[in-house]
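The listed protein sequences correspond, in order, to chains X and E.
Residue numbers for the first sequence, in full-length UniProt numbering: 1 to 379.
Residue numbers for the second sequence, in full-length UniProt numbering: 1 to 379.
2 protein chains.
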Amino acid sequence: MTPETARRKMTGTWSAHSPLTDVPAAVDTELAAFFRARHADYDDIDPVVADAVGALELFVTGGGKRLRPVFAWAGLRAALEGGGGSLTAPTGPGDVLRAVSSLEFIQACALIHDDIIDQSDTRRGRPTTHRRFSALHSERGWTGDPARYGESQAILVGDLSFSWADDMFADSGVDAAALTRARQPWRKMRTEVIAGQMLDIALENSGSEDPGAALKVDVYKTAAYTVERPLHLGAALGDADARTVSLLRKVGREIGVAFQLEDDHLGVFGDPAVTGKESGDDLRSGKRTWLLMCALDRADRSDPAAASRLRTGIGAVETDAEIDELRQIIVDSGAAEQNSARVRELTSDAVDTLRSCHLASPFVDELVALAEQLTERRS
Amino acid sequence: MTPETARRKMTGTWSAHSPLTDVPAAVDTELAAFFRARHADYDDIDPVVADAVGALELFVTGGGKRLRPVFAWAGLRAALEGGGGSLTAPTGPGDVLRAVSSLEFIQACALIHDDIIDQSDTRRGRPTTHRRFSALHSERGWTGDPARYGESQAILVGDLSFSWADDMFADSGVDAAALTRARQPWRKMRTEVIAGQMLDIALENSGSEDPGAALKVDVYKTAAYTVERPLHLGAALGDADARTVSLLRKVGREIGVAFQLEDDHLGVFGDPAVTGKESGDDLRSGKRTWLLMCALDRADRSDPAAASRLRTGIGAVETDAEIDELRQIIVDSGAAEQNSARVRELTSDAVDTLRSCHLASPFVDELVALAEQLTERRS
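Written out as structure tokens, the structure reads:
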């Protein structure tokens, strides 16, 4: 939390117009308060439950960009700053902040379950939740398979997180009418992210090389869930008019897809010193991105030998020389430039739409800055 | 559905006083309608998503006692029949029926995730959800590990189910004030069942022989989740007074624990022709029940050689002769009779409380009949 945000919170001056850049720290404060109450409610059941609450707390309060709450807050700001909406007493800005903070629990469930699915050992440099419970099993000298135990408890910690998302949202203090308005984006967002994950796993296993299938994963797993629906949710909480909701959803989809495509670019070409990931991470893991599918499709037509090298190398390469070779094929195919052009096109479309829309310009400036930061990033 | 129930539904005569025995069929009708709407909303995303919705539908509409909706409906009936509550327009009995039907989605998530955790191949004679997706993977000749794919998709189908429980509950048509009243039992019920599952897995792995630990699993995983909180939830929806809620919670805990202990008895001594499970199922699988823990504790004191045979045999026995040997040790230890006595004691406590309480006697008769059926059952 910045000292300024801390001061505002302490003096109760978190306002309906608090800037997007203040949201992450304020969300951290809300999450910490939520965990204090949950520890008090549930730790006494058993040390096993207290361990699980602690593991979830470590995960949820362990940082991150808080992108979904930030976009949801942007939706509220849009409603209030030109979008035809209002906050109705007794709902205050702090209640909405609490409601949008709950999105971090959906994200925690998604990541904890994803880490099981991907069999990942670490996340943000720390053991993943299932590995943490496997280690506890081994330390305690228990019987049975530690890996199996870890995955089982992590499935349940994810379920707990999903359940607590609802609790934090519904019990946020936001009035019943606003919660009812928010039901549609809330419902859609959750089904869409799960659908996106299902598509992603199927794509991974089917061996499909259809760029359209990869783009569909981006639309559901990233764009809808991370940007479009959070904006929609915040706008609904703030009672925005229909044209504002429709505008936010459109730019949200564009920003969201651009963000994912930029992420995929960094997964192949990013500088490890900046991204914090291994060089060519997506090439090593064999991630089935739109970038890769386009490269295969283009190389098949222009240079079949290169296409074949890319096809066998993806997910199998290990050395820097091999990584460089695949990178060069992707560049030579024209797919790298196609991906970057698409990011620029989507971003500038979204920015143009925002610049010429009916919302107040100080707010638009903030949202544009965020969109540009997410789609022109180096990390 | 009985023809009578079907007629009531069709002619719109599902009433606030519809009998508990009519609930399962009416719940089936609500669930089928919910799935029709969800197929329409989501099947078009992709065949992968349609498959997942279909798998969840097979699971949810595949029968079962609908115990949680039945107890929640009993909570509403109690509120209205002596419990000081009422249904407030525009909320009608059909809306409450829809709200309590949603509990089947929580149950589906719990079972789908449990089947992954227990690595079960079948449930009710059909392939479990993860096995169903493994089979699809193999049939389609996809790449990667079919078992891993099956578990991954089943984790997500469980998440979808958990999310749809909320949707069906919140969008049931029940008015906002009633939903707000129901928040507390809804919230508690979900955290308690997850906590109970965590305790169960830890018990399984820790090798603990503490009867108290086994009883705690019964309290959270079965009693709170299956009986106490559903009764509480229905009572809250019907705006029952505090003494009614407190009475229902007390008898709910008793009936719930008795139900689980009876289940554990059947798991050791039940007739396969009646239970539909293998003879001595819990002895083969090594389930850590209160019955088993008590038998170990008692035999340690009365017959250490028998205790040692039971300790090494549990989870390892295969033949009918071995099963019979362990059964005899459990009987000789006195634990079998202790378990049955506890079931009778809890049930008669609950029945006595109900018989002498302020609720209308026709309703009490129905609830007592249900309690006795669940705790004196043979299947």
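Ideal placement from N, C-alpha and C gives every residue a C-beta, glycine not left out.
8 angstroms Cβ shell around phenylalanine 259 of chain X - same chain, five flanking residues per side excluded | In the first sequence, counting from the first residue as 1, residue 259 of chain X sits at position 259. Excluding positions up to five away in sequence, the list reads Thr222, Ala223, Thr226, Val227, Leu374 and Thr375.
Give, in chain order, every residue of the segment 148-170 of chain X whose Cβ lies closer than 9 angstroms to some Cβ of chain E.
-> If the cut-off is 9 angstroms between Cβ atoms, the segment 148-170 of chain X has Arg148, Tyr149, Glu151, Ser152, Gln153, Ile155, Leu156, Val157, Gly158, Asp159, Leu160, Phe162, Ser163, Trp164, Asp166, Asp167 and Ala170 near chain E.
CA-to-CA distance, leucine 160 of chain E to valine 343 of chain E, given in whole angstroms | Reading the second sequence from its first residue, position 343 is the one you call residue 343 of chain E. Reading the second sequence from its first residue, position 160 is the one you call residue 160 of chain E. Within the model, the alpha-carbon separation for valine 343 of chain E versus leucine 160 of chain E is close to 36 angstroms.
Have a look at leucine 97 of chain X and phenylalanine 363 of chain X and give me their C-alpha separation to the nearest angstrom.
-> Locating residue 97 of chain X in the first sequence gives position 97, where the first residue counts as 1. Locating residue 363 of chain X in the first sequence gives position 363, where the first residue counts as 1. Approximately 17 angstroms, taken between the alpha carbons.
Fully enclosed by the segment 118-191 of chain E, which alpha helix (DSSP H) runs are 4 residues long or longer?
-> 129-139 and 146-170
Say whether chain E places a C-beta atom closer than 8 angstroms to the C-beta of histidine 232 of chain X.
-> By 1-based counting over the first sequence, the position of residue 232 of chain X is 232. For histidine 232 of chain X, the answer is no, since every Cβ of chain E falls outside 8 angstroms of its Cβ.
How about lysine 287 of chain X: is its C-beta nearer than 8 angstroms to some C-beta of chain E?
-> If you number the first sequence from 1, residue 287 of chain X lands on position 287. No Cβ of chain E is located within less than 8 angstroms of the beta carbon of lysine 287 of chain X.
Do you know whose CA, among X:Val174, X:Val331 and X:His358, lies nearest proline 90 of chain X's CA?
-> For the purposes of this step, residue 90 of chain X is taken as residue 90 along the first sequence, with counting starting at 1. Selection X:Val174, X:Val331 and X:His358 evaluated against proline 90 of chain X yields X:Val174 as nearest (Cα-Cα).
Contacting residues, own chain, Cβ-Cβ under 8 angstroms from isoleucine 330 of chain X (five flanking each side not counted) = In the first sequence, counting from the first residue as 1, residue 330 of chain X sits at position 330. Around isoleucine 330 of chain X: Val268, Leu291, Leu292, Ala295, Leu310 and Ala336.
Proximity below 8 angstroms, CB of leucine 80 of chain X to CB of alanine 16 of chain X = As a first step, residue 80 of chain X must be located in the first sequence, where it is residue number 80. As a first step, residue 16 of chain X must be located in the first sequence, where it is residue number 16. It is a contact, given that the beta carbons lie within the stated cut-off.
Do you know how far the Cα of valine 49 of chain E is from the Cα of aspartate 41 of chain E?
-> Numbered from its first residue, the second sequence carries residue 41 of chain E at position 41. Numbered from its first residue, the second sequence carries residue 49 of chain E at position 49. Their backbone Cα atoms lie some 11 angstroms apart in a straight line.
Between the C-alpha atoms of arginine 190 of chain E and alanine 165 of chain E, what's the straight-line distance to the nearest angstrom?
-> By one-based count along the second sequence, residue 190 of chain E stands at place 190. By one-based count along the second sequence, residue 165 of chain E stands at place 165. Near 11 angstroms, if we compare the C-alpha coordinates of alanine 165 of chain E and arginine 190 of chain E.
Given arginine 249 of chain E as reference, the closest of E:Ser302, E:Asp281 and E:Lys188 once Cα atoms are compared | Here residue 249 of chain E is taken as the residue at index 249 of the second sequence, counted from 1. Comparing Cα positions, the closest option is E:Lys188.
Assuming arginine 101 of chain X and methionine 198 of chain X form a contact by the criterion Cβ under 8 angstroms, report the distance between their Cβ atoms to the nearest whole angstrom.
-> The residue given as residue 101 of chain X occupies position 101 in the first sequence. The residue given as residue 198 of chain X occupies position 198 in the first sequence. Checking the sequence shown, residue 101 of chain X turns out to be serine, not arginine. About 27 angstroms separates the two Cβ atoms, so there is no contact after all.
Going along chain X in order, which residues have a C-beta closer than 8 angstroms to the C-beta of tryptophan 142 of chain E?
-> Locating residue 142 of chain E in the second sequence gives position 142, where the first residue counts as 1. For tryptophan 142 of chain E, the neighbours in chain X by C-beta distance under 8 angstroms run, in chain order, Asn205, Ser206 and Gly207.
Is it true that the segment 142-161 of chain X meets the segment 126-134 of chain X, where meeting means three or more beta-carbon pairs spaced less than 8 angstroms apart?
-> In short, these stretches touch, since the Cβ pair count reaches three.
With 8 angstroms set as the bound, which would you pick, yes or no: does the beta-carbon of lysine 216 of chain E sit closer than that to a beta-carbon of chain X?
-> The residue you call residue 216 of chain E lines up with position 216 of the second sequence. True, the Cβ-Cβ gap to chain X drops below 8 angstroms.
Would you decide whether arginine 298 of chain E is buried or exposed? Buried here means 16 or more other CB atoms lie within 10 Å of its CB.
-> As a working note, residue 298 of chain E is residue 298 in the second sequence. Buried, by the Cβ-count rule.
Report yes or no: is there a C-beta of chain X within less than 8 angstroms of the C-beta of histidine 113 of chain E?
-> Position 113 of the second sequence, counted from the first residue, corresponds to residue 113 of chain E. Taking Cβ atoms only, chain X reaches closer than 8 angstroms to histidine 113 of chain E, which makes this a yes.
Starting from leucine 199 of chain E, find everything on chain X with Cβ-Cβ shorter than 9 angstroms and list it in chain order.
-> Position 199 of the second sequence, counted from the start, is the residue given in the question as residue 199 of chain E. Going along chain X in sequence order, the residues near leucine 199 of chain E (Cβ under 9 angstroms) are Ile45, Asp46, Val48 and Val49.
For the alpha helix (DSSP H) holding tryptophan 290 of chain X, just list the boundary residues, first then last.
-> The sequence position of residue 290 of chain X within the first sequence is 290, counting from 1. That run of the alpha helix (DSSP H) goes 290-302.
Residue nearest to proline 47 of chain E in terms of C-alpha spacing, selected from X:Ser206, X:Thr122 and X:Leu76 = Here residue 47 of chain E refers to the residue found at position 47 when the second sequence is read from its first residue. Measuring from the Cα of proline 47 of chain E, the nearest candidate turns out to be X:Ser206.
Using the beta-carbon of each residue, which ones in chain E are nearer than 8 angstroms to histidine 137 of chain X?
-> For this step, residue 137 of chain X is matched to residue 137 along the first sequence. Under the 8 angstroms cutoff, chain E gives Asn205.
Which same chain residues, not among the five before or five after glycine 144 of chain X, have their C-beta less than 8 angstroms away from its C-beta?
-> In the first sequence, residue 144 of chain X corresponds to position 144, counting from 1. If we look at glycine 144 of chain X and ignore the five residues flanking it on each side, its Cβ neighbours are His137.
Can you list the alpha helix (DSSP H) stretches of 4 or more residues lying completely in the segment 236-321 of chain X, in chain order?
-> 242-269, 272-275, 281-285, 290-302 and 304-313
Confirm, please, whether the CB-CB distance from alanine 235 of chain X to glycine 75 of chain X is below 8 angstroms.
-> In the first sequence, residue 75 of chain X corresponds to position 75, counting from 1. In the first sequence, residue 235 of chain X corresponds to position 235, counting from 1. The beta carbons of glycine 75 of chain X and alanine 235 of chain X sit closer together than 8 angstroms.
Is threonine 88 of chain E close to chain X, meaning its C-beta is less than 8 angstroms from at least one C-beta of that chain?
-> In the second sequence, the residue the question calls residue 88 of chain E occupies position 88. By this cut-off, threonine 88 of chain E is not an interface position.
Residues of its chain near isoleucine 255 of chain X, where Cβ-Cβ distance is below 6 angstroms and the 5 sequence neighbours each way are ignored = Walking along the first sequence from the start, residue 255 of chain X turns up at place 255. So the qualifying residues of the chain are Val227, Ala350 and Ala371.
Helix, strand or coil: which one does DSSP assign to histidine 17 of chain E?
-> Walking along the second sequence from the start, residue 17 of chain E turns up at place 17. If DSSP states are grouped into helix, strand and coil, histidine 17 of chain E belongs with coil.
Go ahead and pull the three-state DSSP assignment for threonine 91 of chain E.
-> Here residue 91 of chain E is taken as the residue at index 91 of the second sequence, counted from 1. DSSP places threonine 91 of chain E in coil when its eight states are reduced to three.
Assuming valine 217 of chain E and leucine 203 of chain E make a contact with CB atoms under 8 angstroms, what is their CB distance in whole Å?
-> Counted from its first residue, the second sequence places residue 217 of chain E at position 217. Counted from its first residue, the second sequence places residue 203 of chain E at position 203. That pair is a contact at about 6 angstroms.
Going along the segment 241-254 of chain E in order, which residues come within less than 8 angstroms of chain X, judged by CB to CB distance?
-> none
Excluding the 5 residues preceding and the 5 following arginine 140 of chain E in the sequence, name in chain order all residues of the same chain whose CB lies nearer than 7 angstroms to its CB.
-> To locate residue 140 of chain E, count along the second sequence from 1; it is residue 140. Cβ neighbours of arginine 140 of chain E beyond the five flanking positions: none.
Could you give the distance in angstroms between the alpha-carbon of arginine 124 of chain X and the alpha-carbon of aspartate 263 of chain X?
-> Counted from its first residue, the first sequence places residue 124 of chain X at position 124. Counted from its first residue, the first sequence places residue 263 of chain X at position 263. Whole-angstrom Cα-Cα distance: 16 angstroms.
Listed by chain order, chain X residues near cysteine 109 of chain E by CB distance under 8 angstroms = In the second sequence, counting from the first residue as 1, residue 109 of chain E sits at position 109. Within 8 angstroms Cβ-Cβ: Asp159.
Buried or exposed: proline 304 of chain E, going by 16 or more other Cβ atoms within 10 Å of its Cβ?
-> The residue you call residue 304 of chain E lines up with position 304 of the second sequence. Looking at its Cβ environment, which holds fewer than 16 other Cβ atoms inside 10 Å, proline 304 of chain E is exposed.
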